[in-house]
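Q: Please see the structure below; I have some questions.
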Amino acid sequence: MPQRPTHAERSITASGLARLLARLDPDPDRAAQEYERLRLMLVKFFDWRGASPPDECADETIDRLAAKLDVGTTIDHVFRYAHGIARLVLMERARRQAQVPIEQTDPSRLRAAWPVTPTPPLRECFVRCLAALPDESRRLVLEYYDGAVGQKKIDDRERLARALGISDNALRSRVFRIRHRLERCTRACVAAADARGLDAALRHVTGVSDTSDEDS
Amino acid sequence: MSASNAGELRRYLLGELDEETCAALEQEYFARRETFDRVWNAEHDLIDDYLDDRLTPDERARFERHYLATPDHQARLAIARELIAAAAASGAAEPTTSWRSSAGVFLRWPTVWQAVAVAALVLIAVGGAWTLRSRTVPRTTELAPSPSPIQNRAGGRAPEQSQPGERPGEPVTAPRAPIVVAVSLPPISVRGADEVAALIIPPGTDRVVLRLQSEPNGPALGRGITVVRTVAGAEVWRGPAVPERGVPPSARVEMPANTLPPDDYIVALFEGANGRESEMSRYFLRVRAR
C-alpha cells in the first residue's frame, strides 16, 4: 500500500483510495506503483509551476480525484484527468495566496530559506545522506559529477555509460534519480533538524533506498 | 508543442511559455512518462548549467528571478552545489586513495565516521578542484615562509593595523611592529596550479592578510564580507574585505593570525549589504605548521 502523508486537511477515504488504486491497475502492486508515479508527477507539476508546498497541492489533487471516482464520474485517462484537477488546484491556490509577482519579490527574502553558503545542517545532512546511499549509487553519482569539464566530461560520461552497458541518456536518468533521492533525504533531514535538532535528525538518516517509487 | 525541443522545456522551467503552451506540454507529460522524464532531466540540466555558468545572461537572470523564487528550488540548487563539490573531492582523492578499492572498507565504518570522512572530502574537494585545474595560473607568489613580506620594518604601525594589547590611556612604550604574513589566493574556479600551496604562519605572527583575486575576466571586486570556514564547516572568522588595485584585481582581508591554526579552510567572499549579500568567489586556504 502506498504511503500517504497525514495532512489534517486530507479528505480521501479508505474506500476512495481503494477505488483509485483499483482504477489505476487491477494488480495491487502495480496499482501502488502507478499511484506513486501519479503523485510524483503531480508534485513535480506543482513544483515546476512554483506552487508551494507541492506535496500538499498534489495530495489535494489526489483527494479530489478519488472523490470524483467515489461519485461515479467516468474517467477515461486517470493521469490526464488528474492534470485537469491539478490545474484547478493551481489556479485556486494562486488566487488564495494572492501571489506576489516574482519580479517584485525581495531577493534577500527569497534567499533566506536556503542561503547560497550552505548552513551546517544542510551540509551535515547532505554528507550523511550521501554516506547512506548504497555504494553503487554513491559511486555512480560521484563519478558522473567528478569535476571534469568540457570534452573530458563528455568523454568520461560516455565511458561510464559504456562500462555500465547503458546509453548516455539512461545513465543520465539513473544519475538524476539518485540525485533526487539524495535531495529528498537531505531536505527531510534539514526539516527534522529544524524540528528536533541536528543530532536527532542525523540519527534518523540510516539509509537511502535504492528502490524508490519513481524508479519503478 | 514538441517535447523534443530542449529549448522549449527550458523555457517552461523558466516560466517563459504562455499558458496554452504550458498546458499542452503538461498534458503530454501526464500522458507519456518519457516526456515527463525529459522535463525532469531538463530541470537537472538547467541547474547544472547554472552552476557551471553555462547559461546565457538572460537565462541566468530568469533563473534567479523565476526559478529560485521558491524555497524548494533554492534547496535543490544548494544540494546540487554540495553534490558537485563532493564529486570533485572524490575525484581529487582518487590518485592516492582509490575510491573503488576503499569502498568496502569505508562502508564497514560506523555511519558517523562515514559522515565525517565524506564531510572532509566534500570540503577538501573545493581545494582539490583548484589543485587539479589551475595549471595556467602561477602559484601563489606571496606565500610567506617567514613573517616578513609586509611587515612594517620601520617600526611604525601600518595604517589600518591595530596594536594587540593596546588600551586607551595606557602609556605607549616602544610599540612592537605587528608581524604580518600575506598570501594571494586565486579563486577556486581558476584552472591551473599543480598543487595547493600551504601557508606557514610562524610563531609570533600577529596578523594574516589574504589577497583574494577576482575571477578571470570578472569585474573588479568591491567592498564585501569574507567568511572563513574550516573544511568541516565551522566558521572561524568573518570580517570586511577591501578592494585593492592590481593585476589581477583583488580584495584584501586581514585577520588575527591566531584564528587560523593549521587546517584547511574555505574562504568565501560576499558582496552586497543589508542582507543582500551574494557570494562572489570561493578560495581554498591551507595552513600548515612549520
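Chains as they are written, first to last, in my numbering: chain A, -2 to 213; chain B, 201 to 490.
From the three backbone atoms N, C-alpha and C, an ideal C-beta is built for every residue, glycine too.
Please read all numbers here as calculations on a predicted model, not as lab measurements.
(1) Answer with buried or exposed for Q101 of chain A, where buried requires no fewer than 16 other C-beta atoms within 10 angstroms of its C-beta.
(2) For the region 31 to 52 of chain A, which residues have a CB atom closer than 7 Å to at least one CB atom of chain B, in sequence order?
(3) May I have the straight-line CA-CA distance separating W437 of chain B from D464 of chain B, to the nearest angstrom?
(4) If you follow the alpha helix (DSSP H) that L37 of chain A is in, where does it begin and where does it stop?
(5) Quick one: which residues of the region 431 to 448 of chain B get their C-beta closer than 7 Å to a C-beta of chain A? List them in chain order.
(6) Which stretch, first to last residue, makes up the beta strand (DSSP E) that contains G491 of chain B?
(7) Short of 9 Å Cβ to Cβ, which residues in the region 214 to 241 of chain B face chain A?
(8) Alpha carbon to alpha carbon, what distance is there between A206 of chain B and A280 of chain B?
(9) From the beta carbon of L119 of chain A, is the nearest beta carbon of chain B less than 8 Å away?
(10) Evaluate the contact criterion for the region 168 to 176 of chain A versus the region 268 to 275 of chain B: three or more CB pairs, one atom per stretch, below 8 Å.
(11) Throw me the rounded Cβ distance for the R210 of chain B and A242 of chain B pair, which I believe falls under 8 Å.
(12) Assign P440 of chain B to one of two classes, buried (16 or more other C-beta atoms within 10 Å of its C-beta) or exposed (fewer than that).
(13) Can you have a look at T235 of chain B and say buried or exposed, based on whether 16 or more other CB atoms are within 10 angstroms of its CB?
(14) Ignore the nearest five residues each way along the sequence and tell me which others in C122 of chain A's own chain have a CB closer than 6 Å to its CB.
(15) Can you find a CB in chain A that lies within less than 8 Å of the CB of R260 of chain B?
(16) Is there contact between the region 455 to 470 of chain B and the region 480 to 487 of chain B, where contact requires at least three CB pairs shorter than 8 Å?
(17) What residues from the region 262 to 274 of chain B come within 9 Å of chain D, judged by C-beta to C-beta, listed N to C?
(18) Measuring only from the beta carbon, is I82 of chain A closer than 7 Å to any heavy atom that is part of the ligand FAD?
(19) Confirm, please, whether the CB-CB distance from C126 of chain A to L195 of chain A is below 8 Å.
(20) Does the beta-carbon of G327 of chain B have 16 or more other beta-carbons within 10 angstroms, so that it is buried, or is it exposed?
(21) Does the beta-carbon distance from V138 of chain A to I175 of chain A come in below 8 Å?
(22) Classify T341 of chain B: buried if its beta carbon has 16 or more other beta carbons within 10 angstroms, exposed otherwise.
(23) List the residues of chain B that H80 of chain A touches, going by C-beta distances under 7 Å, in chain order.
(24) Report, in whole angstroms, the separation of the C-beta atoms of D67 of chain A and R120 of chain A, which I expect to be a contact under 8 Å.
(25) To which residues of the same chain is H244 of chain B closer than 7 Å at the C-beta, ignoring the five residues directly before and after it?
(26) In its own chain, which residues sit with a C-beta less than 8 Å from the C-beta of A158 of chain A, not counting the 5 before and 5 after it?
(27) Strictly below 8 Å CB to CB, what residues from chain A border R211 of chain B?
(28) Please classify S290 of chain B as buried or exposed, where buried requires at least 16 neighbouring CB atoms within 10 angstroms.
(29) Does DSSP put D464 of chain B in a helix, in a strand, or in coil?
(30) Please state the DSSP three-state secondary structure of S444 of chain B.
(31) Quick one: using the 10 Å Cβ neighbour count with 16 as the cut-off for buried, is D406 of chain B buried or exposed?
(32) For V86 of chain A, which residues in chain B fall below 8 Å Cβ to Cβ?
(33) Spell out whether any CB of chain B is found under 8 Å from the CB atom of S134 of chain A.
(34) In chain A, what lies closer than 8 Å to A287 of chain B by C-beta?
(35) Kindly give me the distance between the Cβ atoms of V409 of chain B and R452 of chain B, rounded to whole angstroms, as I take these residues to be in contact under 8 Å.
(36) Which first and last residues belong to the beta strand (DSSP E) in which A483 of chain B is found?
A: On the basis of the data shown:
(1) Only weak support exists for where Q101 of chain A lies, its pLDDT of 46 falling under 50; the value from the coordinates is given anyway. Exposed, because fewer than 16 other Cβ atoms sit within 10 Å of the Cβ of Q101 of chain A.
(2) Here the close residues are M38, K41, F42, D44, W45, G47, S49 and P51.
(3) 14 Å
(4) P25 to W45
(5) Within the region 431 to 448 of chain B, the residues whose Cβ lies closer than 7 Å to any Cβ of chain A are, in chain order, G433.
(6) Summary: the structure shown does not reach residue 491 of chain B, with chain B confined to residues 201 through 490, and so no result is reported for it.
(7) So the close ones are G215, C222, A223, E226, Q227, Y229, F230, A231, R233, F236, D237, V239, W240 and N241.
(8) 21 Å
(9) Yes, contact with chain B.
(10) Taking a contact to require three or more Cβ pairs closer than 8 Å, the region 168 to 176 of chain A and the region 268 to 275 of chain B do not qualify as touching.
(11) 6 Å
(12) By the 16-neighbour rule on beta-carbons within 10 angstroms, P440 of chain B is exposed.
(13) buried
(14) Close CB contacts of C122 of chain A within its chain, under the 6 Å cut and outside five residues either way in sequence, are with T183, C186 and V187 (chain order).
(15) no
(16) yes
(17) Going by chain labels, chain D is absent from the structure shown, which instead holds the protein chains A and B.
(18) Only the bare structure without any ligand can be found here, which leaves the ligand FAD out of the picture.
(19) no
(20) Only weak support is given to the placement of G327 of chain B: the predicted model assigns it a pLDDT of 43, under 50, and the question is left unresolved by the model.
(21) yes
(22) At T341 of chain B, the pLDDT of 32 sits below 50, so the modelled position is not reliable and the matter cannot be decided from this model.
(23) Those within 7 Å of H80 of chain A in chain B are E226, Q227 and F230.
(24) Wrong, their Cβ atoms sit about 46 Å apart, outside the cutoff.
(25) So the list is empty, once near-sequence residues are dropped.
(26) S164, D165, A167 and L168
(27) Those do not exist, as R211 of chain B stays about 12 Å from chain A at its closest Cβ, beyond 8 Å.
(28) buried
(29) In the structure shown, D464 of chain B sits in a strand (DSSP, three-state: E or B).
(30) Inspection of the sequence shows that residue 444 of chain B is occupied by Glu rather than by Ser. Here E444 of chain B sits in strand by DSSP.
(31) buried
(32) Annotation: V86 of chain A has no Cβ neighbours in chain B at a cutoff of 8 Å; minimum Cβ distance is about 13 Å.
(33) no
(34) V138, L139, E140, Y141, Y142, D143 and G144
(35) Yes, V409 of chain B and R452 of chain B are in contact; Cβ-Cβ is about 6 Å, under 8 Å.
(36) Residue identity check: residue 483 of chain B is Tyr in the sequence provided, not Ala. Element bounds for Y483 of chain B: S478 to R488.
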